[in-house]
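Student: Here it is: the structure, laid out below.
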Ligand SMILES: *[C@@H]1O[C@H](CO)[C@@H](O)[C@H](O)[C@H]1NC(C)=O
Ligand SMILES: *[C@@H]1O[C@H](CO)[C@@H](O)[C@H](O)[C@H]1NC(C)=O
Ligand SMILES: *[C@@H]1O[C@H](CO)[C@@H](O)[C@H](O)[C@H]1NC(C)=O
Ligand SMILES: *[C@@H]1O[C@H](CO)[C@@H](O)[C@H](O)[C@H]1NC(C)=O
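Residue numbers (our numbering): 1 to 550.
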């Protein structure tokens with residue numbers, strides 16, 4: 001038995017042994033946020049750059065690394081970043097949402113400190129302020145497996161990040177004005193892959209290159225504003241291996257539907273004729289299909305990509321079937337050496353069911369979106385800070401929505417929407433969508449089990465059809481038109497966590513809420529203290545810092 005194997009067995013035997021090895025490594029970054037002119041669709045427009053880059057830099061980390069990012073906001077507006085899918089264990093302070101922290105004022109800087117504790121996988125970051133995401137400042141975030149933990153596939157030749165998203169040529173300021181004045185965003189102008197769209201006239205530089213015979217990993221995330229996208233590569237099937245931090249059963253797909261906020265890792269082998277191939281991302285469920293293309297080139301390649309673009313599937317039943325084919329690999333290791341399937345979520349009793357129904361309505365003549373009749377608004381004081389300073393009652397009321405939707409959903413109330421959930425309880429959340437448009441929901445701070453997506457409305461009898469064995473644990477789930485989705489999770493991460501529509505327009509206009517998970521004791525065992533350099537704003541600005549957790 002070699003040393004690595006022995007050490008691995010020791011880890012499996014008593015995981016604490018492996019922790020006796022000093023502090024986890026640190027990764028330091030300094031990011032300058034600026035405006036800059038970009039022309040991804042050939043039309044010059046104002047973009048938001050990170051260190052001059054669009055899209056922003058990729059973060060390449062390993063599980064448990066300490067990530068420290070000093071962000072200088074050189075825009076003329078407050079700015080803030082969220083790290084989609086990072087669970088921030090005990091540390092919602094670094095989540096980068098308007099309910100958990102203050103945005104960075106223009107001309108100032110703030111340092112994010114976070115650790116992908118017991119996490120692996122494919123993620124991305126993006127701005128949560130205004131409509132900044134429409135202008136850039138998003139980028140890939142990968143968390144590699146720690147060395148001693150086996151990964152259920154051979155090391156790929158290289159590892160590529162593929163950020164796909166719909167794109168507007170209007171500036172984020174104009175798009176925000178649309179929403180503020182009660183209009184909708186309208187249709188995007190195109191689809192980008194890593195900030196580009198191939199012209200197809202023979203002058204395009206390749207986005208990715210592959211050596212013949214080798215296998216590559218592509219990490220695909222939909223970073224767009226509203227459209228689900230179908231992703232495919234001419235002539236190259238994709239073997240799905242990971243989804244938002246979980247190893248999947250390795251099925252092969254000709255194309256994948258990627259809904260807003262979702263990420264997949266696939267393996268692709270360069271075993272076809274040596275030439276160029278198009279990678280294609282096209283909009284789903286839209287009357288007019290918008291298509292973005294990028295070139296994948298064989299290093300020994302001779303010849304352009306064929307102009308024959310493989311068709312995308314039609315209708316959402318296909319997409320639902322694809323969702324049902326996704327399975328958790330129960331025997332693969334997670335971010336810890338124990339198998340993913342050792343957490344038997346299907347055997348835990350549900351302590352509470354929260355059913356959330358989304359609706360759209362006009363309030364004072366302006367379009368708003370809501371959940372269970374409430375359209376969330378962000379105030380000057382972040383909810384978490386209000387709670388920490390003991391001033392919650394001055395800023396918001398808990399539980400203004402019930403666990404069931406009201407009978408009439410056509411009237412929306414504008415208010416901060418905060419639901420209290422008891423620490424460590426196992427909760428079922430049903431998202432019911434009565435609208436004709438697809439929804440996509442993310443919950444910060446957690447990974448959850450999407451046990452079902454079905455057409456129609458939910459009833460308790462539907463639980464009979466739940467996948468209680470091997471659904472893939474993830475952070476973002478779609479809900480098809482006139483359908484529902486059910487998720488289950490244990491609320492064991494104390495903090496204030498955003499549950500939101502990942503569709504930018506819906507989120508901006510109120511289709512989100514916060515879940516306050518308070519541990520009964522103010523204890524460091526359950527939650528970290530606010531850092532000394534935490535930005536303060538609203539009514540807590542200038543107040544003495546409360547007694548820290550101990
Ligand atoms: C990412 O980090 C890992 C571990 O440090 C390293 O092996 C790998 O080469 C890095 N990949 C890139 C693309 O920088
Ligand atoms: C701002 O940047 C400086 C370094 O230039 C750093 O010392 C300071 O801690 C940063 N401030 C915050 C709040 O992160
Ligand atoms: C699941 O993971 C195990 C352990 O790494 C691996 O041997 C197996 O091939 C994987 N199964 C599938 C169906 O992907
Ligand atoms: C779950 O509930 C059932 C029925 O009420 C009960 O018999 C069982 O002991 C409970 N299981 C656990 C793990 O609490």
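Where a beta carbon is used, it is the ideal one built from N, C-alpha and C, also for glycine.
Is residue 499 near residue 513, with beta carbons less than 9 Å apart?
Tutor: Translated into positions along the chain shown, residue 499 becomes position 499. Translated into positions along the chain shown, residue 513 becomes position 513. Yes; because the gap between Cβ atoms is below 9 Å, this pair is in contact.
Student: For ligand 3, is there any heavy atom lying closer than 8 Å to the beta carbon of residue 249?
Tutor: Along the chain shown, read from residue 1 onward, the residue named residue 249 stands at position 249. Yes - ligand 3 has a heavy atom lying nearer than 8 Å to the Cβ of residue 249.
Student: As a quick exercise: from 66, 83 and 455, pick the residue whose alpha carbon is nearest that of residue 263.
Tutor: Counted from its first residue, the chain shown places residue 263 at position 263. Cα-wise, what sits closest to residue 263 is 83.
Student: Mind listing which residues have their beta carbon within less than 6 Å of any non-hydrogen atom of ligand 2? Chain order is fine.
Tutor: Having a Cβ closer than 6 Å to some heavy atom of ligand 2 are 70, 109, 110, 111 and 533.
Student: Using only the alpha-carbon positions, how far apart do residue 232 and residue 496 sit?
Tutor: Within the chain shown, the letter at position 232 stands for residue 232. Within the chain shown, the letter at position 496 stands for residue 496. Roughly 37 Å separates the two Cα atoms.
Student: Between which two residues does the beta strand (DSSP E) harbouring residue 363 extend?
Tutor: As a working mapping, residue 363 is identified with position 363 in the chain shown. 352 to 363 is the extent of the beta strand (DSSP E) around residue 363.
Student: Classify residue 523: buried if its beta carbon has 16 or more other beta carbons within 10 angstroms, exposed otherwise.
Tutor: The count along the chain shown starts at 1 and reaches residue 523 at position 523. Its Cβ having fewer than 16 others within 10 Å, residue 523 is exposed.
Student: Compute the beta-carbon to beta-carbon distance between residue 158 and residue 216, rounded to the nearest angstrom, for a pair I have assumed lies under 8 Å.
Tutor: Here the question's residue 158 lines up with position 158 in the chain shown. Here the question's residue 216 lines up with position 216 in the chain shown. Going by Cβ atoms, the distance from residue 158 to residue 216 rounds to 5 Å, so yes, they are a contact pair.
Student: Taking only three categories from DSSP, how would you classify residue 505?
Tutor: As a working mapping, residue 505 is identified with position 505 in the chain shown. If DSSP states are grouped into helix, strand and coil, residue 505 belongs with the helices.
Student: Note down the Cα distance separating residue 68 from residue 59, rounded to an integer number of angstroms.
Tutor: As a working note, residue 68 is residue 68 in the chain shown. As a working note, residue 59 is residue 59 in the chain shown. Rounded to whole angstroms, residue 68 to residue 59 spans 11 Å at the Cα level.
Student: Identify the continuous alpha helix (DSSP H) that holds residue 168 and give its terminal residues.
Tutor: Counting from 1 along the chain shown, the entry for residue 168 is found at position 168. No alpha helix (DSSP H) contains residue 168, which DSSP labels as neither H nor E.
Student: If contact is defined by three or more beta carbon pairs under 8 Å, each pair taking one atom from either stretch, is the stretch 208 to 226 in contact with the stretch 245 to 264?
Tutor: Yes, since at least three Cβ pairs between the stretch 245 to 264 and the stretch 208 to 226 fall closer than 8 Å, the two stretches touch.
Student: Leaving aside the five residues before and after residue 406 along the sequence, list all residues of the same chain whose C-beta is less than 7 Å from its C-beta, in chain order.
Tutor: Start at 1 with the first residue of the chain shown, and residue 406 comes out as number 406. Taken in chain order, the residues that qualify are 372 and 373.
Student: Out of 544, 418, 429 and 484, which one is the CA nearest neighbour of residue 100?
Tutor: If you number the chain shown from 1, residue 100 lands on position 100. Cα-wise, what sits closest to residue 100 is 418.
Student: Among 509, 519, 333 and 546, which residue has its Cα nearest to the Cα of residue 178?
Tutor: Taking the chain shown and counting its residues from 1, the one referred to as residue 178 is at position 178. Of 509, 519, 333 and 546, the residue nearest in Cα terms is 509.
Student: Within its chain, find whatever has a CB closer than 6 Å to the CB of residue 269; leave out the 5 residues flanking it on each side and keep chain order.
Tutor: The sequence position of residue 269 within the chain shown is 269, counting from 1. Answer for residue 269: 215, listed in chain order.
Student: Can residue 229 and residue 41 be called in contact, C-beta distance under 9 Å?
Tutor: Stepping through the chain shown from its first residue, residue 229 is reached at position 229. Stepping through the chain shown from its first residue, residue 41 is reached at position 41. Taking 9 Å as the Cβ cut-off, residue 229 and residue 41 do not qualify as a contacting pair.
Student: By how many angstroms is the C-alpha of residue 66 removed from the C-alpha of residue 120?
Tutor: In the chain shown, residue 120 corresponds to position 120, counting from 1. In the chain shown, residue 66 corresponds to position 66, counting from 1. If you take the alpha carbons of residue 120 and residue 66, they lie about 14 Å apart.
Student: Label residue 408 either buried or exposed according to how many other C-beta atoms from any shown protein chain fall within 10 Å of its C-beta, with 16 as the threshold for buried.
Tutor: Taking the first residue of the chain shown as position 1, residue 408 is located at position 408. Exposed: under 16 other Cβ atoms inside 10 Å.
Student: Since residue 241 sits in a beta bridge, which residues does DSSP pair it with?
Tutor: In the chain shown, counting from the first residue as 1, residue 241 sits at position 241. Answer is none; residue 241 lacks a bridge partner.
Student: Per the DSSP calculation, residue 102 is bridged to which residue(s)?
Tutor: As a first step, residue 102 is located in the chain shown; it is residue number 102 there, counting from the start. Looking at the DSSP assignment, residue 102 forms no beta bridge with any residue, so it has no partner.
Student: Got a sec, what are the start and stop residues for the alpha helix (DSSP H) residue 387 sits in?
Tutor: Here residue 387 corresponds to residue number 387 of the chain shown, with the count starting at 1. Counting along the chain, the alpha helix (DSSP H) containing residue 387 begins and ends at 383 to 388.
Student: Assess contact between the stretch 270 to 278 and the stretch 243 to 250, defined as three or more Cβ pairs (one per stretch) separated by less than 8 Å. Is contact present?
Tutor: Because the criterion of three Cβ pairs below 8 Å is not met, the stretch 270 to 278 and the stretch 243 to 250 do not touch.
Student: Check whether the Cβ of residue 335 sits closer than 8 Å to any heavy atom of ligand 3, and report yes or no.
Tutor: The residue given as residue 335 occupies position 335 in the chain shown. Not under cutoff, so the answer is no.
Student: Any heavy atom of ligand 3 inside 8 Å of the beta-carbon of residue 329?
Tutor: Here residue 329 refers to the residue found at position 329 of the chain shown. Yes, the beta carbon of residue 329 sits closer than 8 Å to at least one heavy atom of ligand 3.
Student: Once you ignore the five residues that flank residue 462 on each side, which residues in its own chain have a CB closer than 7 Å to its CB?
Tutor: Residue mapping note: residue 462 aligns to position 462 of the chain shown, counting from 1. Excluding residues within five positions, the ones whose Cβ falls inside 7 Å are 452 and 454.
Student: Is residue 537 helix, strand or coil when you go by DSSP?
Tutor: For the purposes of this step, residue 537 is identified with residue 537 of the chain shown, where counting begins at 1. Three-state result, residue 537: coil.
Student: Sorted by chain position, which residues of the same chain lie with C-beta nearer than 8 Å to residue 363's C-beta, five sequence neighbours on each side aside?
Tutor: Taking the first residue of the chain shown as position 1, residue 363 is located at position 363. Correct list, in chain order: 375, 412 and 414.
Student: Would you check whether ligand 3 has a heavy atom nearer than 8 Å to the C-beta of residue 382?
Tutor: Along the chain shown, read from residue 1 onward, the residue named residue 382 stands at position 382. Answer for residue 382: no, Cβ out of range of ligand 3.
Student: For residue 156, verify whether its CB is less than 8 Å away from any heavy atom of ligand 3.
Tutor: Residue numbering aside, residue 156 sits at position 156 when the chain shown is read from its first letter. Every heavy atom of ligand 3 is 8 Å or more from the Cβ of residue 156, so no.
Student: Between which two residues does the beta strand (DSSP E) carrying residue 427 extend?
Tutor: Along the chain shown, read from residue 1 onward, the residue named residue 427 stands at position 427. 426 to 433 is the extent of the beta strand (DSSP E) around residue 427.
Student: Using alpha carbons as the reference points, say which of 163, 343 and 144 lies closest to residue 447.
Tutor: Residue numbering aside, residue 447 sits at position 447 when the chain shown is read from its first letter. The candidate whose alpha carbon is nearest that of residue 447 is 343.
Student: Counting only beta-carbon separations shorter than 9 Å, does residue 442 have a partner in chain B?
Tutor: Of the protein chains in this structure there is only one, and it is not chain B.
Student: If you measure from the CB of residue 273, is any heavy atom of ligand 1 nearer than 8 Å?
Tutor: In the chain shown, residue 273 corresponds to position 273, counting from 1. It does not: the Cβ of residue 273 is nowhere closer than 8 Å to a heavy atom of ligand 1.
Student: Rounding to the nearest angstrom, what Cα-Cα distance links residue 297 and residue 305 in this structure?
Tutor: Here residue 297 refers to the residue found at position 297 when the chain shown is read from its first residue. Here residue 305 refers to the residue found at position 305 when the chain shown is read from its first residue. C-alpha separation (whole angstroms): 9 Å.
Student: For the stretch 138 to 148 against the stretch 196 to 215, do three or more pairs of beta-carbon atoms, one drawn from each stretch, fall closer than 8 Å, so that the two count as touching?
Tutor: With the cut-off at 8 Å, the stretch 138 to 148 and the stretch 196 to 215 do not touch.
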